[in-house]
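Have a look at the structure below, then the notes.
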Ligand code: PHE
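Next comes the structure, spelled out in structure tokens:
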């Protein structure tokens, strides 16, 4: 134990003098200390292991302090009146270890990247919306019970923090009319934060993220949609997948489907273990008409699903609540 204390003092001294303190943590002497555990009588191992972990923590802390000191020493005061110089090297204000992208942001970018490569335009969804975009434009009749299925929050003024990214469909369709009239097609993916008034548990959150596709052309078909979705999931998980659909009801599509994939063996799946990944279907003629698109000439498909579910399967995350928890121990796993 005395030996460990000596090692600690010695390393802290070196760290405080070093220009590259993190390198010192890789020193072979430290690794050898772990090797000693196996050679000790069992009753001493626990205490010794604890002491080494303690040593590791205090050296890590010394490194962080030293790095911050080195960083501060190099901060150049910013002259806000200076002309912008394109050739100047950017000033590092924060060491990059102090922050990273949230895993959901990072994975959302992966998702968007796949769809933009397929030719879809990416549009961020709104975080406050109205009854018309949430329900009316999406073929939910007034007072229809399907409205209750979305557990919407409402502000006192009657605005709605959207419960799905489908609130963007009407806008995407309306803006796309010119493209259709010019002989083209509408192909867009909206993505963003959605909100539901739900009790939170391992698979439900009041705040989560969705991605949603809208495609319209003269010839769009269910087969095109199934091919697009399959290509997306295979690209996202980097492997071939079995997929299937089952009937589902959403007022804004007809037919409406749920799209499922068989959990891949590489992700601890058993054969026959199906996971519903999203809702989808052919855009209901009333939704096209509400946006001013002639539903006799044009047809479309749409889908919408949760980002969390995608990411949980990819990384074997067991509890949805980790994402919004802000726990560093969770976030650091994605550095
Ligand atoms: N908006 C639906 C939901 O969140 C999913 C969906 C999107 C279904 C588009 C069909 C078409 O439950």
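In the numbering used here, the protein residues as written are 154 to 488.
Glycine included, each C-beta is placed from N, C-alpha and C at the ideal position.
Applying the 10 Å Cβ sphere with the 16-neighbour rule, what's the burial state of residue 452? Counting from 1 along the chain shown, the entry for residue 452 is found at position 299. Classification of residue 452: buried, given that the 10 Å Cβ count is 16 or more.
How is the beta strand (DSSP E) around residue 316 delimited, first residue to last? Counting from one through the chain shown, the residue named residue 316 turns up at place 163. Unbroken run through residue 316: none, as it is neither H nor E.
With C-beta atoms as the reference, is residue 168 less than 8 Å away from residue 221? The residue given as residue 168 occupies position 15 in the chain shown. The residue given as residue 221 occupies position 68 in the chain shown. Here residue 168 is not near residue 221, since their CB atoms are 8 Å or more apart.
Could you tell me the alpha carbon to alpha carbon distance between residue 390 and residue 277, rounded to whole angstroms? Counting from 1 along the chain shown, the entry for residue 390 is found at position 237. Counting from 1 along the chain shown, the entry for residue 277 is found at position 124. Here the alpha carbon of residue 390 sits roughly 23 Å from the alpha carbon of residue 277.
Taking Cβ positions, are residue 315 and residue 348 nearer each other than 8 Å? Position 162 of the chain shown, counted from the start, is the residue given in the question as residue 315. Position 195 of the chain shown, counted from the start, is the residue given in the question as residue 348. Going by C-beta atoms, residue 315 is nearer than 8 Å to residue 348.
Kindly confirm or deny that the segment 299–310 and the segment 365–384 touch, where touching means at least three C-beta pairs closer than 8 Å. They do not touch, by the three-pair rule.
Can we say the segment 256–264 touches the segment 457–474, given the rule of at least three CB pairs closer than 8 Å? Three or more beta-carbon pairs drawn from the segment 256–264 and the segment 457–474 are found closer than 8 Å, and the two stretches are therefore classed as touching.
Quick one: complete beta strand (DSSP E) runs, 3+ long, within the segment 375–426? If we require 3 residues or more, the beta strand (DSSP E) runs fully inside the segment 375–426 come out as 396–400, 406–415.
Near the ligand PHE: residue 427 beta-carbon under 7 Å from a heavy atom: The residue given as residue 427 occupies position 274 in the chain shown. Every heavy atom of the ligand PHE is 7 Å or more from the Cβ of residue 427, so no.
Can you tell me which of 193, 477, 320 puts its alpha carbon nearest to the alpha carbon of residue 286? Taking the first residue of the chain shown as 1, we reach residue 286 at position 133. Checking every option, the nearest Cα to that of residue 286 belongs to 320.
Hey, which unbroken runs of the alpha helix (DSSP H) at 4 residues or more fall wholly within the segment 272–307? Complete alpha helix (DSSP H) runs here, min 4: 284–287.
State yes or no: is the C-beta of residue 446 within less than 8 Å of the C-beta of residue 333? Mapped onto the chain shown, residue 446 falls at position 293. Mapped onto the chain shown, residue 333 falls at position 180. The Cβ atoms of residue 446 and residue 333 lie closer than 8 Å to each other.
From the DSSP output, in three-state form, read off residue 178 for me. Start at 1 with the first residue of the chain shown, and residue 178 comes out as number 25. If DSSP states are grouped into helix, strand and coil, residue 178 belongs with coil.
Report yes if the CB atom of residue 317 is closer than 8 Å to the CB atom of residue 363, and no otherwise. On the chain shown, residue 317 is found 164 positions in, with the first residue counted as 1. On the chain shown, residue 363 is found 210 positions in, with the first residue counted as 1. Taking C-beta atoms as the reference points, residue 317 and residue 363 count as a pair closer than 8 Å.
Please confirm whether any heavy atom of the ligand PHE lies closer than 7 Å to the CB of residue 434. As a position in the chain shown, residue 434 is number 281, starting the count at 1. Yes - the ligand PHE has a heavy atom lying nearer than 7 Å to the Cβ of residue 434.
Between residue 344 and residue 265, is the Cβ-Cβ spacing less than 8 Å? Taking the first residue of the chain shown as position 1, residue 344 is located at position 191. Taking the first residue of the chain shown as position 1, residue 265 is located at position 112. Contact flag set, yes.
Which residues share a DSSP beta bridge with residue 158? The residue you call residue 158 lines up with position 5 of the chain shown. DSSP output for residue 158 lists no bridge partner at all.
Have a look at 207, 172, 170 and flag the residue whose alpha-carbon is nearest the alpha-carbon of residue 187. Taking the first residue of the chain shown as position 1, residue 187 is located at position 34. Selected option, being the one with the closest Cα: 207.
Give me whichever residues DSSP pairs with residue 357 in a beta bridge. In the chain shown, counting from the first residue as 1, residue 357 sits at position 204. Residue 357 pairs with 354.
Distance check for residue 346 and residue 270, CA to CA, integer angstroms please. On the chain shown, position 117 is the one that residue 270 refers to. On the chain shown, position 193 is the one that residue 346 refers to. Taking C-alpha positions only, residue 270 is separated from residue 346 by approximately 22 Å.
Spatial neighbours of residue 198 in its chain, beta-carbon cut-off 6 Å, leaving aside the 5 residues before and after: Position 45 of the chain shown holds residue 198. Scanning its chain for C-beta atoms nearer than 6 Å, with the 5 sequence neighbours on each side dropped, one finds around residue 198 the residues 190, in chain order.
Helix, strand or coil, according to DSSP, for residue 338 in the structure here? For this step, residue 338 is matched to residue 185 along the chain shown. Reduced to three states, the DSSP call for residue 338 is coil.
For the beta strand (DSSP E) that residue 455 lies in, which residues bound it at each end? Against the chain shown, residue 455 aligns to sequence position 302. Membership of residue 455 in the beta strand (DSSP E) is indicated by the continuous run 452–459.
Between which two residues does the alpha helix (DSSP H) harbouring residue 443 extend? As a position in the chain shown, residue 443 is number 290, starting the count at 1. Element bounds for residue 443: 438–443.
Using 8 Å as the threshold, is the C-beta distance between residue 367 and residue 455 below it? The residue labelled residue 367 in the question sits at position 214 within the chain shown. The residue labelled residue 455 in the question sits at position 302 within the chain shown. Yes; because the gap between Cβ atoms is below 8 Å, this pair is in contact.
Residue 455 beta carbon near the ligand PHE (any heavy atom closer than 7 Å): Looking up residue 455 in the chain shown gives position 302. Distance from the C-beta of residue 455 to the nearest heavy atom of the ligand PHE is below 7 Å.
As a quick exercise: from 159, 423, 171, pick the residue whose alpha carbon is nearest that of residue 395. Within the chain shown, residue 395 is the residue found at index 242, counting from 1. Nearest of 159, 423, 171 to residue 395, Cα basis: 423.
Closest residue to residue 415 among 405, 470, 406, 393 (Cα-Cα distance): Here residue 415 refers to the residue found at position 262 when the chain shown is read from its first residue. Ranking 405, 470, 406, 393 by Cα distance to residue 415 puts 393 first.
What does DSSP give as the partner residue(s) for residue 344 in the beta ladder? Residue numbering aside, residue 344 sits at position 191 when the chain shown is read from its first letter. In DSSP, residue 344 forms a bridge with 277, 364.
Taking only heavy atoms of the ligand PHE into account, decide whether any of them is closer than 7 Å to the Cβ of residue 479. On the chain shown, position 326 is the one that residue 479 refers to. Answer for residue 479: no, Cβ out of range of the ligand PHE.
In whole angstroms, what is the alpha-carbon distance linking residue 418 and residue 341? Residue mapping note: residue 418 aligns to position 265 of the chain shown, counting from 1. Residue mapping note: residue 341 aligns to position 188 of the chain shown, counting from 1. Going by the C-alpha atoms only, they are around 32 Å apart.
Ordered along the chain, which non-local residues of its own chain (more than five positions away) have a Cβ less than 7 Å from that of residue 403? Within the chain shown, the letter at position 250 stands for residue 403. The residues are 409, 432, 434.
By how many angstroms is the C-alpha of residue 218 removed from the C-alpha of residue 172? For the purposes of this step, residue 172 is identified with residue 19 of the chain shown, where counting begins at 1. For the purposes of this step, residue 218 is identified with residue 65 of the chain shown, where counting begins at 1. Spanning the alpha carbons of residue 172 and residue 218 requires a straight line of approximately 12 Å.
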